[in-house]
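All residue numbers for the sequence shown refer to full-length UniProt numbering, where the first residue is 1 and numbers rise by one. Where is the CB? At the ideal position from N, CA and C, for every residue including glycine. Here is the structure we will look at, set down as structure tokens.
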Amino acid sequence: MLELSTIPPYANALWSISNPTTGDETSVYHSIREIIFDEMTHFGLVCNMLTSLGGEVKLTDPATVPKYPGKLPGGVRPSLDVYLSWLSRESAELFAKIEEPEDPLAYRGDGTSIGAFYDRISAVFPRFADKLTGDRQVTFPLGKRHGVGNDIIPMKSLTDALCLTMRTAPQSHCRRTRIQRRGPFRVGPRLPAHRLCSRTWLRIAVGGAAPPLREPPRKPPCLIRAHQPGQHRF
């Protein structure tokens, strides 16, 4: 449930932006929103990988439902305590830490970054090639509105599985240098994903020329309840 666990922190930050259609907040709102849809795509692809092997996606199992504050699943960034909050300097720094690779300039596949996590999945998947069924697959055309490469597609072979893991990692967490509406396939050096966007979050969060952000009262461990109907602008 790694991808599912990253969506609520980003969504909470998105919902805290008070004027998403005016001023400097507009670019930050749309950047975070696109990242959320990236994560939704990754979640759908990972679910297809699991069900193709005969596994079952358990969204309501207490053992797999994300808990906040808490750790990311799969041993990713074990030193991080991930929490729900409005968009602030602290939450922007948290997002940057979630997304960064082991080294900004030299990605390592044996570490604790999300990109390394997907590399490990790619390494072991060939062992289960004979178990791939291609059954119970979900498809959804997210790419129509959120960029080429964001479609949720079925996994029917080992080649599909390896392509999906390599497609998810560059788009999200270790190799992409900037947010691109055209999708993840024009990539540069292996730099932190959403890195430029994280810098934008920091610029907005620390103030300066940026308009103020609405800060709902803290209600740990979950701030989603502090938002009223009509405030969620997906």
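Report buried or exposed for residue i, applying the criterion of at least 16 other Cβ atoms within 10 angstroms of its Cβ.
i: phenylalanine 140; result: exposed
i: threonine 64; result: exposed
i: aspartate 38; result: buried
i: serine 5; result: buried
i: alanine 13; result: buried
i: arginine 9; result: The question names arginine, but residue 9 is proline in the sequence shown. Proline 9 comes out buried.
i: glutamate 100; result: buried
i: arginine 127; result: exposed
i: leucine 59; result: exposed
i: proline 189; result: Bear in mind that the predicted position of proline 189 carries a pLDDT of just 36, short of 50, making it too unreliable to give a figure here.
i: serine 172; result: Residue confidence for serine 172 is low, a pLDDT of 44 falling below 50, so the modelled location carries little weight; the figure read from the coordinates is stated next. Buried, because 16 or more other Cβ atoms sit within 10 Å of the Cβ of serine 172.
Quick one: what's got a C-beta closer than 6 Å to residue i's C-beta in the same chain, skipping five residues either side?
i: arginine 136; result: Thr51
i: asparagine 19; result: Glu25
i: histidine 194; result: Confidence at histidine 194 is low in this model, with a pLDDT of 48, below 50, so the placement of that residue should be treated as unreliable; the coordinate-derived value is given next. Within the same chain, histidine 194 has close Cβ partners Ile35 and Glu99.
i: glycine 74; result: Leu2 and Phe117
i: tyrosine 29; result: Ile17 and Pro20
Would you check if the distance between the CB atom of residue i and the CB atom of residue j is smaller than 8 Å?
i: arginine 90; j: histidine 42; result: Checking the sequence shown, residue 90 turns out to be glutamate, not arginine. Not a contact, by the Cβ cut-off of 8 Å.
i: isoleucine 17; j: methionine 40; result: no
i: leucine 132; j: leucine 53; result: yes
i: leucine 45; j: isoleucine 152; result: yes
i: methionine 1; j: proline 66; result: yes
Tell me which same chain residues have a C-beta within less than 8 Å of the C-beta of residue i, skipping the five on either side of it?
i: leucine 80; result: Lys71, Leu72, Leu94, Lys97 and Ile98
i: methionine 155; result: Leu45, Asn48, Met49, Ser52, Leu132, Gly134, Gln137, Ala161 and Leu164
i: valine 57; result: Cys47, Leu50 and Thr51
i: glycine 55; result: none
According to DSSP, which residues form a beta bridge with residue i?
i: isoleucine 153; result: Partner(s): none; isoleucine 153 has no beta bridge.
So, at 7 Å on beta carbons, what are the nonlocal neighbours of residue i in its own chain, with the 5 sequence-adjacent residues on each side left out?
i: alanine 11; result: Ile36
i: alanine 129; result: Leu158
i: isoleucine 32; result: Tyr10, Ala13 and Leu14
Would residue i count as contacting chain C if we go by Cβ distances under 8 Å?
i: arginine 120; result: Going by chain labels, chain C is absent from the structure shown, which holds only one protein chain.
Complete beta strand (DSSP E) runs within the UniProt domain "Iminophenyl-pyruvate dimer synthase" (1-141) (minimum length 3 residues, chain order): none
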